[in-house]
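Only one structure is covered here, and it is reproduced in the block below.
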Amino acid sequence: MIRLPYIGGQTLATLGLLVVAGTVSMAGPSLSYGLQRETHEEKAANLKQQAKGGLFQQWAFDQEPIGGLPHGFVQAVSREEPLAEWVVQRHPTAPSPPNVVVASSGCRQFCYQMLLAEGMQYEYPDVSVRLHASPGTVGSGGVVIGARDAKNFYGAFVDVATQQVRFVRLSDGVATILGQATITLRPVDWHTLRVQRNTIISKDFIEVFVDGTLVLSVEDQTLGLGQVGFVVSDKSRMMFDSFHAIPLFSHRPLSSPPAY
0 MIRLPYIGGQ TLATLGLLVV AGTVSMAGPS LSYGLQRETH EEKAANLKQQ
50 AKGGLFQQWA FDQEPIGGLP HGFVQAVSRE EPLAEWVVQR HPTAPSPPNV
100 VVASSGCRQF CYQMLLAEGM QYEYPDVSVR LHASPGTVGS GGVVIGARDA
150 KNFYGAFVDV ATQQVRFVRL SDGVATILGQ ATITLRPVDW HTLRVQRNTI
200 ISKDFIEVFV DGTLVLSVED QTLGLGQVGF VVSDKSRMMF DSFHAIPLFS
250 HRPLSSPPAY
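Okay, here's the thing in structure tokens:
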């Protein structure tokens, strides 16, 4: 397990390490970038909505027409670039045969291409997906959570070629790497990526698992309720299957923490 390191009592995120279009720069201590964080009352209301059901979803894509966008999903891109191609195709090694979703992105500039589940808003999601990148494929992909729009979301990315995993927050189009690690992928065609956002008392944390192993744990409260879905970056080609999303609502306190 790799946690975001502390420097002088602060994480790299609180020191404002930004990665924008592949370059690194330093910013001030503010992390909101104009976004209004949820109040305690808003979080409590969102939590109650999570408990009403309808958010326990599984997508296998096996009943979807070949060659089209999967039903119930919508595309988005983080900057002025052509939308990626997201199509349902048959694949002989699909974990849930016979269909998978294939993403192909050809951004001229660095960008994030997303496929978001419509009508699904999660405060504390637990999402997982099987993903596959063909040998020699360049680029990375994974899942997004907390997506408000194309310029505000959390993303967990796996780069199969370089065996790297990273967790990114996009706020008003500005990308911040909250955590990254080198991993050793199992010698299999399809890998499992799982992301959980949870809370203990008033501290939110996000954990990233690859092939069942916890590889990243970061703390961040900038984004709250939002959509979930798939994401690829830059020029990437990746396949997705067996997408699961459920709400984690059992650990959220319904009253404010004591003042001490």
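The sequence shown finishes on residue 259 if you use numbering that gives the first Met the number 0, and the numbering steps up by one all the way, no holes. Ideal placement from N, C-alpha and C gives every residue a C-beta, glycine not left out.
Tell me where the beta strand (DSSP E) around alanine 66 begins and ends. The sequence position of residue 66 within the sequence shown is 67, counting from 1. Reading off the sequence shown, one finds glycine at residue 66, where the question assumed alanine. No beta strand (DSSP E) holds glycine 66; DSSP gives it neither H nor E.
Would you decide whether glutamine 62 is buried or exposed? Buried here means 16 or more other CB atoms lie within 10 Å of its CB. In the sequence shown, counting from the first residue as 1, residue 62 sits at position 63. Exposed.
Leucine 215 (DSSP reduced to helix, strand or coil): Along the sequence shown, one-based indexing puts residue 215 at 216. Leucine 215: strand per DSSP, three-state reduction.
Assuming valine 87 contacts glycine 141 under a Cβ cut-off of 8 Å, what Cβ separation, rounded to an integer in Å, is found between them? Residue 87 sits at position 88 when you count from the first residue of the sequence shown. Residue 141 sits at position 142 when you count from the first residue of the sequence shown. Not confirmed; about 19 Å, so no contact.
Of the residues Tyr121, Arg89, Val76, Ala75, the one placed nearest isoleucine 65, counting alpha carbons only: Here residue 65 refers to the residue found at position 66 of the sequence shown. The option with the nearest alpha carbon to isoleucine 65 is Arg89.
Proline 186 versus threonine 161 - alpha carbon distance: Sequence index remark: in the sequence shown, residue 186 carries index 187 (1-based). Sequence index remark: in the sequence shown, residue 161 carries index 162 (1-based). Answer to the nearest angstrom: the Cα atoms are 14 Å apart.
According to DSSP, is aspartate 61 helix, strand or coil? Position 62 of the sequence shown, counted from the first residue, corresponds to residue 61. It is coil, neither helix nor strand.
Tell me the DSSP secondary structure of tyrosine 111 in three-state form. Position 112 of the sequence shown holds residue 111. In the structure shown, tyrosine 111 sits in a strand (DSSP, three-state: E or B).
Just verifying my parser: in three-state terms, what is the DSSP assignment at isoleucine 199? Locating residue 199 in the sequence shown gives position 200, where the first residue counts as 1. Of the three classes helix, strand and coil, the one that applies to isoleucine 199 here is strand, per DSSP.
Check whether the region 106-117 and the region 223-242 touch, using three or more Cβ-Cβ pairs below 8 Å as the test. yes
Limits of the unbroken beta strand (DSSP E) element including glycine 266: The requested residue 266 is not part of the displayed model; the chain covers only 0 to 259.
With DSSP as the reference, please indicate the residues paired to tryptophan 85 in a beta bridge. For the purposes of this step, residue 85 is identified with residue 86 of the sequence shown, where counting begins at 1. Looking at the DSSP assignment, tryptophan 85 forms a beta bridge with Ala102.
Enclosing beta strand (DSSP E) for tyrosine 153 [first to last residue]: Your numbering for residue 153 matches position 154 in the sequence shown. Element bounds for tyrosine 153: 151-158.
Count the other C-beta atoms from every protein chain shown that fall within 10 angstroms of the C-beta of alanine 244, then say buried if there are 16 or more, exposed otherwise. By 1-based counting over the sequence shown, the position of residue 244 is 245. Alanine 244 is buried by the Cβ-count criterion.
Count the other CB atoms within 10 Å of the CB of valine 117; is the residue buried (16 or more) or exposed (fewer)? Counting from 1 along the sequence shown, the entry for residue 117 is found at position 118. In the sequence under discussion, the amino acid at residue 117 is glutamate, which differs from the valine named in the question. Exposed.
So what's alanine 146 in DSSP terms, helix, strand or just coil? One-based indexing of the sequence shown puts residue 146 at position 147. Here alanine 146 sits in strand by DSSP.
Given a threshold of 16 other Cβ atoms within 10 Å of its Cβ, counted over all protein chains shown, does isoleucine 205 qualify as buried or as exposed? Here residue 205 is taken as the residue at index 206 of the sequence shown, counted from 1. Isoleucine 205 comes out buried.
Which listed residue (Ile182, Val209, Gln220) has its alpha carbon closest to that of isoleucine 200: The residue you call residue 200 lines up with position 201 of the sequence shown. Of the listed residues, the one whose Cα sits closest to isoleucine 200 is Gln220.
Residue from Arg168, Gly172, Val157, Phe109 whose Cα sits closest to the Cα of valine 128: Working through the sequence shown from its first residue, we reach residue 128 at position 129. Ranking the options by Cα distance to valine 128, first place goes to Val157.
Can you grab the Cα-Cα spacing for the pair leucine 54 / valine 126, in whole Å? In the sequence shown, counting from the first residue as 1, residue 54 sits at position 55. In the sequence shown, counting from the first residue as 1, residue 126 sits at position 127. Roughly 11 Å between the two C-alpha positions.
Go through its chain and collect everything with a Cβ distance to arginine 147's Cβ below 6 Å, but skip five positions before and after it. What you label residue 147 is simply residue 148 of the sequence shown in a count that begins at 1. Within the same chain, arginine 147 has close Cβ partners Gly225.
Of all the options Pro246, Ala149, Glu84, which has the alpha carbon lying nearest to the alpha carbon of arginine 236? As a position in the sequence shown, residue 236 is number 237, starting the count at 1. The residue with the shortest Cα to Cα distance from arginine 236 is Glu84.
Cβ neighbours of glycine 67 in the same chain (closer than 7 Å, five flanking residues each side left out): As a first step, residue 67 must be located in the sequence shown, where it is residue number 68. Taken in chain order, the residues that qualify are Val86, Val87.
Which residue wins for smallest C-alpha separation from asparagine 98, given the options Ser77, Pro69, Gln74, Val143? Looking up residue 98 in the sequence shown gives position 99. Ranking the options by Cα distance to asparagine 98, first place goes to Pro69.
Give me the Cβ distance between serine 95 and serine 241, rounded to the nearest whole Å; I'm assuming they're in contact under 8 Å. The residue labelled residue 95 in the question sits at position 96 within the sequence shown. The residue labelled residue 241 in the question sits at position 242 within the sequence shown. Right, the Cβ-Cβ distance comes to about 5 Å (below 8 Å), so this counts as a contact.
First through last residue of the beta strand (DSSP E) which encompasses alanine 75: Residue numbering aside, residue 75 sits at position 76 when the sequence shown is read from its first letter. Counting along the chain, the beta strand (DSSP E) containing alanine 75 begins and ends at 72-76.
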